[in-house]
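Student: Oh and the sequence shown: position 142 is 142 in the working numbering, straight run, nothing missing.
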Amino acid sequence: MQSICPNNATIYDFDKNNPIKLTVNAGETIEISTLDCFSNQVDEQNSLSGIDWNHINPATGPIYVKDAKAGDILKVIIHSIELAETGVIAVGPGFGIMPFEAIAQKIVKVDQNIAHFSDDIKIPLNPMIGVIGVAPAGDAIPTGTPDSHGGNMDTKLITAGSILYLPIAVDGALFALGDLHAAMGDGEVGGTGIEIAGKVTVTLDVIHDQSIPHPIIETKDAFAFIVSKPTIDEAIQLATKLAIEAIHRSTKLSLHESAMLASIAGNAEISQLVDPLLTARFVVPKSILPQLL
Ligand code: CA
Ligand code: ZN
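1. For ligand 4, I want to know if His55 counts as a neighbour, meaning its beta carbon is within less than 7 Å of at least one of the ligand's heavy atoms.
2. Using a Cβ-Cβ cutoff of less than 7 Å, which residues in the same chain neighbour Lys308 once the five nearest sequence positions on both sides are dropped?
3. Determine the burial state of Leu255: buried for a count of at least 16 other Cβ atoms within 10 Å of its Cβ, exposed for fewer.
4. For Gly198, I'd like the list of residues in its chain whose CB is within less than 7 Å of its CB, leaving aside the five on either flank, ordered along the chain.
5. Measuring only the C-alpha atoms, how far is Val88 from Gly193?
6. Pop quiz: Gln157 and Ala224 are said to be a contact at Cβ under 8 Å. What is the actual Cβ separation, rounded to whole angstroms?
7. With a cut-off of 8 Å, do at least 3 Cβ pairs link the region 38-55 to the region 101-112?
8. Reducing DSSP to helix, strand and coil, say where Leu293 ends up.
9. Tell me whether the region 144-159 and the region 262-280 touch, counting them as touching only if at least three CB pairs, one residue from each stretch, are closer than 8 Å.
10. Taking the beta strand (DSSP E) that Ala59 falls in, what are its first and last residues?
11. Can you tell me the Cβ-Cβ gap for Leu273 and Ile141, rounded? I've got them flagged as a contact below 8 Å.
12. Can the beta-carbon of Leu166 be found less than 8 Å from the beta-carbon of Leu74?
13. Would Phe282 and Ala222 qualify as a contact pair, given that the criterion is a beta-carbon distance under 8 Å?
14. Shorter than 7 Å, the distance from the beta carbon of Asp179 to the closest heavy atom of ligand 2, or not?
15. Please indicate yes or no: does the CB of Asn192 lie closer than 7 Å to some heavy atom of ligand 2?
16. Specify, as a first and last residue, the run of the beta strand (DSSP E) that Leu74 falls within.
17. Below 8 Å on the Cβ atoms is my guess for Ser39 versus Ile56; work out the distance and round it to an integer in Å.
18. One question on the structure: do Lys16 and Ala135 come within less than 8 Å of each other, judged by their Cβ atoms?
Structural data, given as structure tokens:
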């Protein structure tokens with residue numbers, strides 16, 4: 001199996017001009033190692049206040065996928081997420097919902113599906129990928145920003161066992177991922193999850209002759225339409241509209257009936273409230289929408 005590690009394959013922008021670090025065939029399975037979102041600069045000895053802020057949200061890549069053409073869909077099957085043994089949680093000025101004046105950080109041990117927040121408080125893990133995307137057709141987008149190319153979507157459903165569909169904007173897709181979280185809640189209201197290094201195994205495949213405007217995640221029992229916008233209102237409204245239109249297209253139901261079904265059986269959910277664009281998703285169970293692509 002081919003693998004790629006961050007040593008000389010770390011990007012801080014999704015950029016069509018980034019030099020390619022690995023080339024794969026469509027359908028190939030690879031291992032991708034990642035730094036944490038602070039580029040592993042924070043630990044028991046090193047405070048967040050002293051880090052180089054030019055090196056945050058690293059993603060490992062870019063990976064060129066043969067046969068991927070602009071307008072196609074990249075199908076990312078997420079097989080597994082392996083985590084390092086410790087992670088970092090932080091809150092402070094400029095990130096998170098609370099208007100803190102000082103930074104606070106906590107290093108937590110992560111083992112056997114549990115994060116040890118304190119002697120008394122243990123948190124179950126939900127390992128997930130924060131940053132995952134492809135190069136945009138236009139200007140470079142910092143890895144800390146989510147948009148239609150993917151990026152920093154900080155969405156809990158982007159986890160092992162799920163399939164992420166991304167709109168390909170440039171030939172080869174130029175895929176990259178990073179910013180693993182051992183655990184995170186919807187909203188990511190403090191500004192971080194349990195930020196952690198690790199290794200992800202994915203299969204990268206290409207769907208031709210179909211296109212999507214924004215990322216879609218397929219879980220075992222649902223499709224989620226993911227949209228990032230300057231406000232959460234705009235994000236939720238467009239995600240909902242895309243979901244209702246998809247129900248309408250994929251079933252024989254009218255648009256009105258599709259909206260009824262979305263209203264009674266779908267869920268409008270918040271992914272994150274703290275990145276440069278905010279991310280929402282509309283989740284449609286497969287009982288309504290068995291097949292999408
Ligand atoms: Ca993130
Ligand atoms: Zn993160």
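Don't be surprised by glycine CBs; every beta carbon is placed ideally from N, CA and C.
Tutor: So, from the listed chains and residues:
1. Among the ligands in the structure shown, ligand 4 does not appear; only ligand 1 and ligand 2 can be found there.
2. Nothing about residue 308 can be read from this structure; the chain reaches only from 1 to 293.
3. The residue you call residue 255 lines up with position 255 of the sequence shown. That one is exposed.
4. Residue numbering aside, residue 198 sits at position 198 when the sequence shown is read from its first letter. Closer than 7 Å at the Cβ level, and outside the excluded window around Gly198, lie Thr34, Ile81, Glu82, Leu83, Ala84 and Leu180.
5. What you label residue 88 is simply residue 88 of the sequence shown in a count that begins at 1. What you label residue 193 is simply residue 193 of the sequence shown in a count that begins at 1. Each residue's alpha carbon lies about 8 Å from the other.
6. Stepping through the sequence shown from its first residue, residue 157 is reached at position 157. Stepping through the sequence shown from its first residue, residue 224 is reached at position 224. Contrary to the premise, residue 157 reads as Leu rather than Gln in this sequence. That pair is a contact at about 5 Å.
7. yes
8. Translated into the one-based positions of the sequence shown, residue 293 becomes position 293. In the three-state reduction of the DSSP assignment, Leu293 falls in the coil class, being assigned neither a helical nor a strand state.
9. yes
10. Here residue 59 refers to the residue found at position 59 of the sequence shown. Per DSSP, Ala59 belongs to the beta strand (DSSP E) from Ala59 to Val65.
11. Counting from 1 along the sequence shown, the entry for residue 273 is found at position 273. Counting from 1 along the sequence shown, the entry for residue 141 is found at position 141. In this structure, Leu273 and Ile141 do not form a Cβ contact; the two beta carbons are roughly 19 Å apart against a cut-off of 8 Å.
12. Numbered from its first residue, the sequence shown carries residue 166 at position 166. Numbered from its first residue, the sequence shown carries residue 74 at position 74. Yes, the pair counts as a contact, with Cβ atoms nearer than the cut-off.
13. Stepping through the sequence shown from its first residue, residue 282 is reached at position 282. Stepping through the sequence shown from its first residue, residue 222 is reached at position 222. No, the pair does not count as a contact, with Cβ atoms beyond the cut-off.
14. Residue 179 sits at position 179 when you count from the first residue of the sequence shown. Between ligand 2 and Asp179, a heavy atom-to-CB distance of less than 7 Å is present.
15. Taking the sequence shown and counting its residues from 1, one reaches residue 192 at position 192. For clarity, residue 192 is Thr in the given sequence; the question names Asn instead. Correct: Thr192 has its Cβ closer than 7 Å to ligand 2.
16. The residue given as residue 74 occupies position 74 in the sequence shown. Start and end: Ile73 to Leu83.
17. Here residue 39 refers to the residue found at position 39 when the sequence shown is read from its first residue. Here residue 56 refers to the residue found at position 56 when the sequence shown is read from its first residue. Yes, Ser39 and Ile56 are in contact; Cβ-Cβ is about 7 Å, under 8 Å.
18. Looking up residue 16 in the sequence shown gives position 16. Looking up residue 135 in the sequence shown gives position 135. Their beta carbons are under 8 Å apart, which means Lys16 touches Ala135 by this criterion.
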